[in-house]
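Protein chains in written order, with this note's numbering: chain A, -16 to 166; chain B, -17 to 518.
Where is the CB? At the ideal position from N, CA and C, for every residue including glycine.
Have a look at the structure below before the remarks.
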């Protein structure tokens, strides 16, 4: 099953011994997915985890992303293309993709391109100031949340930033409401 | 009229909210009620009945997961909430009723457009003051860990201006089952399952004509399955619909402070509730007349809802023994009056007093029961502004009390002692008011940093006084709030302190007036009786 393209710079992008078991254990570690909410997997690599995940969650729209077009091609050649699965590359980012409630990282597939994958992962999770603002733009929101530094973006930090801020805008009201859920 | 009822607490609370909603619907028959409830409460949907025409889910669990899990974007939670708000606003509600009374619901209602909003809510991020005195009471006293004179549902309904009544019809008497609800939502409120098992075995001997049923939810199966119950005792992992069917034919339900208790109360099932841990008999007891509640007498009971028990064993649970419950259950099943046998426990019977839930202590000092009754009436007078009437209806209150209480069993001395204590308290409150007045001047001169020092000093005086005199804390606990809360400005602190002193004084004056009138009525009646005896 392992083809030659499942490596990058000589590094194998999945478990050389039992990639299927690795994929299953990875799936178990992820949060339980609620059906009908889209999921994106960052890192296709050898593809076992993507195939297993799509198979096990037939009602979930699964997006699988890889920076390397060869990995997408490899997947298309070696695995079943489930109806609920869409493979995407760098050119697809920022072109009408949904805001993903679930962003899963398969780090074994990142080898050799760790920092590039990390940037995409942070962008999808809206974890940095830039990516947070980028997602707001995608949603058509002129957000009032304006982080001054590169602090970690959590609901607490958003809440702290809005503390004392005038609360006439719907966006501020929603963030403050959400803040109450994790007190 | 389209009404959105917001009920975002737990299942037991939602069941009580349903009773308030039915009362609301009775007063507003044209209302079309939509209910916003947590995803975790959806299992109740099957028994909500016709009062609710539409159920809307608040995806609390899903949102919490998005907000705290590593692989989720905050915008996903944002977008989901925004979609919910849009959905709610598209309904164009005329009225929003906040049954939840917490910050989450108050902020959520800030996002909903409706001409009338009732209960706690924010307006553009700022808490809106309560519409009525009951709302202030519910926020200041009932929501905290304080002792409260009213049942949670009585306080909530009146804060929303809903005329809730208590069922007058007496007990529904099913003839088939004696049910044991063996688990609660919190381990410290549980009576042990071994004791429940023993209880079932002993009662079964006396009442073989009943089917004994251990009730548990399907998700509690693993816990309940591991325990042995006597032969012939059925264990039912019932859904809500099945539970309703069982309760319809139940003669007696023995339970802790559970959602099943609240459901059974609405069906008027007779109950014997075992309250321990944080289960508070005044706030969440069974609102079903002639039900009984047993509570321990350990000093730590009732404890805080939010803390786990620091004791190595649950002292309160240990205090309630099987034979105590057996003897009370037998009296209830035989329709006999019960004389408490264990002096370490408190026994209460649930009664309807002026459409309020009232607990009548069994075997307790008559003066204690009288004080509890006067306290409830005092609060009603205060919260309904009755005391401001040109002719306050004290006479009616006195007559009601005299109907329920035999004043001859209460000594003049104990009533006089209470009057003395309250007069002392009034004098102290006047001096505290003067001290607060002086602090106003100080606060204007000094900066706001002085507040905590002033708070500390007054709190010390407060503690000294309340320890030295047996003064009723419920009347003055708002003063304690003012002295312990953080205040943004000196002016805010003084305003809160002075208004709470005023409230304490008014409450004590009302109580004092009722107590004095009762004493006079008692004396007058005494003289009539002795004159009648002389004449005869």
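Just to confirm, is the Cβ distance from residue i to residue j under 8 Å?
i	j	result
residue 27 of chain A	residue 10 of chain A	no
residue 143 of chain B	residue 99 of chain B	no
residue 53 of chain B	residue 108 of chain A	yes
residue 186 of chain B	residue 212 of chain B	yes
residue 376 of chain B	residue 495 of chain B	yes
residue 161 of chain A	residue 59 of chain B	yes
residue 308 of chain B	residue 224 of chain B	no
residue 41 of chain A	residue 83 of chain A	no
residue 417 of chain B	residue 440 of chain B	yes
residue 453 of chain B	residue 479 of chain B	no
residue 136 of chain A	residue 153 of chain A	no
residue 544 of chain B	residue 239 of chain B	This structure leaves residue 544 of chain B out entirely; chain B is present only between -17 and 518.
residue 23 of chain B	residue 0 of chain B	no
residue 498 of chain B	residue 433 of chain B	no
residue 196 of chain B	residue 206 of chain B	yes
residue 163 of chain B	residue 235 of chain B	yes
residue 29 of chain A	residue -11 of chain A	yes
residue 46 of chain B	residue 15 of chain B	no
residue 311 of chain B	residue 254 of chain B	yes
residue 348 of chain B	residue 392 of chain B	yes
residue 45 of chain A	residue 76 of chain A	no
residue 330 of chain B	residue 315 of chain B	no
residue 28 of chain B	residue 222 of chain B	yes
residue 174 of chain B	residue 299 of chain B	yes
residue 38 of chain B	residue 459 of chain B	no
Please list the terminal residues of the continuous beta strand (DSSP E) segment that includes residue i.
i	result
residue 19 of chain B	14 to 20
residue -11 of chain B	-16 to -11
residue 99 of chain B	98 to 100
residue 386 of chain B	From DSSP, residue 386 of chain B is part of no beta strand (DSSP E) but of the alpha helix (DSSP H) over 376 to 386.
residue 279 of chain B	That residue, residue 279 of chain B, is in no beta strand (DSSP E); it is neither H nor E in DSSP.
residue 343 of chain B	338 to 344
residue 197 of chain B	193 to 198
residue 108 of chain A	Looking at the DSSP string, residue 108 of chain A is not in any beta strand (DSSP E); the run it does join, the alpha helix (DSSP H), is 97 to 108.
residue 463 of chain B	Here residue 463 of chain B belongs to no beta strand (DSSP E); instead the alpha helix (DSSP H) covers 455 to 466.
I believe residue i touches residue j by the beta-carbon criterion, under 8 Å. Please report the beta-carbon distance rounded to the nearest angstrom.
i	j	result
residue 245 of chain B	residue -3 of chain B	5 Å
residue 278 of chain B	residue 301 of chain B	4 Å
residue 106 of chain A	residue 114 of chain A	4 Å
residue 272 of chain B	residue 293 of chain B	Not a contact, Cβ separation roughly 33 Å.
residue 194 of chain B	residue 160 of chain B	5 Å
residue 490 of chain B	residue 407 of chain B	6 Å
residue 328 of chain B	residue 129 of chain B	Residue 328 of chain B to residue 129 of chain B, Cβ: 14 Å. No contact.
residue 324 of chain B	residue 148 of chain B	Not a contact, Cβ separation roughly 28 Å.
residue 138 of chain B	residue 2 of chain B	6 Å
residue 355 of chain B	residue 383 of chain B	6 Å
When the Cα of residue i is compared with those of the options, which residue comes out closest?
i	options	result
residue 30 of chain B	B:17, B:42, B:228 and B:-10	B:17
residue 275 of chain B	B:324, B:282, B:490 and B:263	B:263
residue 367 of chain B	B:119, B:58 and B:168	B:119
residue 36 of chain A	A:6, A:58 and A:60	A:6
residue 41 of chain B	B:15, B:-9 and B:28	B:-9
residue 49 of chain A	A:-2, A:127, A:155 and A:104	A:104
residue 19 of chain B	B:-6, B:332 and B:483	B:-6
residue 501 of chain B	B:88, B:387 and B:227	B:387
residue -8 of chain A	A:127, A:96, A:144 and A:163	A:96
residue 399 of chain B	B:359, B:350 and B:445	B:350
residue 296 of chain B	B:172, B:2, B:226 and B:254	B:172
residue 257 of chain B	B:169, B:248 and B:289	B:169
residue 131 of chain B	B:77, B:352, B:111 and B:242	B:352
residue 115 of chain B	B:503, B:415 and B:369	B:369
What span of residues does the alpha helix (DSSP H) with residue i cover, start to end?
i	result
residue 117 of chain B	115 to 119
residue 58 of chain A	52 to 61
residue 167 of chain A	Within the shown structure, residues of chain A are numbered from -16 to 166, placing residue 167 of chain A beyond reach of any answer.
residue 68 of chain B	56 to 72
residue 368 of chain B	No alpha helix (DSSP H) holds residue 368 of chain B; DSSP gives it neither H nor E.
residue 160 of chain A	153 to 163
residue 298 of chain B	297 to 301
residue 10 of chain B	Counting along the chain, residue 10 of chain B falls outside any alpha helix (DSSP H), and DSSP gives it neither H nor E.
Following a CB-centred definition, is residue i positioned closer than 7 Å to any heavy atom of the ligand MN?
i	result
residue 149 of chain B	The model on display carries no ligand, and the ligand MN is accordingly not part of it.
Under 9 Å, CB to CB, which of the residues in the region 44 to 55 of chain B have a partner in chain A? Sequence-ordered contacts of the region 44 to 55 of chain B with chain A read 44, 45, 46, 47, 48, 49, 50, 51, 52, 53, 54 and 55 [C-beta pairs closer than 9 Å].
Under 8 Å, CB to CB, which of the residues in the region 86 to 109 of chain B have a partner in chain A? 86, 89, 90, 92, 93, 104, 106, 107 and 108
Could you name the residues of the region 83 to 97 of chain A whose beta carbon sits closer than 8 Å to any beta carbon of chain B, in the order they occur along the chain? Answer in chain order: 83, 84, 85, 86, 87 and 88.
Near-chain A residues of the region 332 to 351 of chain B (beta-carbon distance less than 9 Å), N- to C-terminal order: none
Pull out every residue of the region 114 to 125 of chain A whose Cβ sits closer than 9 Å to any Cβ of chain B, in chain order. 114, 115, 118, 119, 121, 122 and 124
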